[in-house]
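In my numbering, the protein residues as written are 72 to 217.
Every residue, glycine too, gets a C-beta built ideally from N, C-alpha and C.
From a predicted model like this one, the values you see are computed outputs, not experimental measurements.
(1) Check residue 200 in the structure and name its three-state DSSP category.
(2) When the Cα of residue 206 is compared with those of 166, 215, 143, 214, which residue comes out closest?
(3) Taking the alpha-carbon positions, what's the residue 177 to residue 132 distance?
(4) Which term fits residue 88, buried or exposed, when burial requires 16 or more other beta carbons within 10 angstroms of its beta carbon?
(5) Beta-carbon within less than 8 angstroms of residue 97's beta-carbon, same chain only, minus the 5 sequence neighbours each way: which residues are those?
(6) So residue 93 packs on residue 115, CB below 8 angstroms; how close in whole Å?
(7) Could you have a look at residue 120 and say whether DSSP puts it in helix, strand or coil?
(8) Three-state secondary structure (DSSP) at residue 162?
(9) Kindly list the residues whose CB is nearer than 6 angstroms to the CB of residue 142, restricted to its own chain and excluding five residues on each side of it in sequence; keep chain order.
(10) Count the other CB atoms within 10 Å of the CB of residue 208; is the residue buried (16 or more) or exposed (fewer)?
Here it is as structure tokens:
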């Protein structure tokens, strides 16, 4: 198991990571006001960091259970669009952020919770412009707690 190899000969292959900020909490339920205070940091790989700008958000609520739980941290790639089926962070009314699965339609979008106790939120193309509703990022990684 390597215990018989002198410590100075053991090679530890550690890849460097990139530290990103965890910015407040995001609702997994009813949208809550987006908080942009730094509450923690997380580390992502250099390879991932090269693919865009990233931030973390702590989940508040249970609408994304059983996959994403209260207190989990999601790693988010900052982007203003995503594909149907992606888990996204969306801003509603300019200051309420929520974590939901995106479903695109010709006449609008739907933000869908994993938890069947919550109803999907549908926004017409007109509502997307007037409320507004804006995708701010795609969830690319989940950091859960034991």
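With the given structure in hand:
(1) By one-based count along the chain shown, residue 200 stands at place 129. Residue state, collapsed to three classes: helix.
(2) Taking the first residue of the chain shown as 1, we reach residue 206 at position 135. Considering only 166, 215, 143, 214, the residue with the shortest C-alpha distance to residue 206 is 166.
(3) Locating residue 177 in the chain shown gives position 106, where the first residue counts as 1. Locating residue 132 in the chain shown gives position 61, where the first residue counts as 1. Residue 177 and residue 132 have their C-alpha atoms spaced approximately 30 angstroms apart.
(4) For this step, residue 88 is matched to residue 17 along the chain shown. For residue 88, the number of other beta carbons within 10 angstroms of its own is below 16, and it is reported as exposed.
(5) Here residue 97 refers to the residue found at position 26 when the chain shown is read from its first residue. Hits under 8 angstroms: 103, 105, 128, 129, 130, 131, 145, 160, 168, 169, 170.
(6) The residue labelled residue 93 in the question sits at position 22 within the chain shown. The residue labelled residue 115 in the question sits at position 44 within the chain shown. At roughly 11 angstroms, the Cβ-Cβ gap does not stay under 8 angstroms, so residue 93 and residue 115 are not in contact.
(7) Within the chain shown, the letter at position 49 stands for residue 120. In the structure shown, residue 120 sits in a helix (DSSP, three-state: H, G or I).
(8) Sequence index remark: in the chain shown, residue 162 carries index 91 (1-based). In the structure shown, residue 162 adopts extended strand secondary structure according to DSSP, grouped into three states.
(9) Residue 142 sits at position 71 when you count from the first residue of the chain shown. For residue 142, where only same-chain residues beyond five positions count, the Cβ hits under 6 angstroms are 216.
(10) On the chain shown, position 137 is the one that residue 208 refers to. By the 10 Å Cβ count, residue 208 comes out buried.
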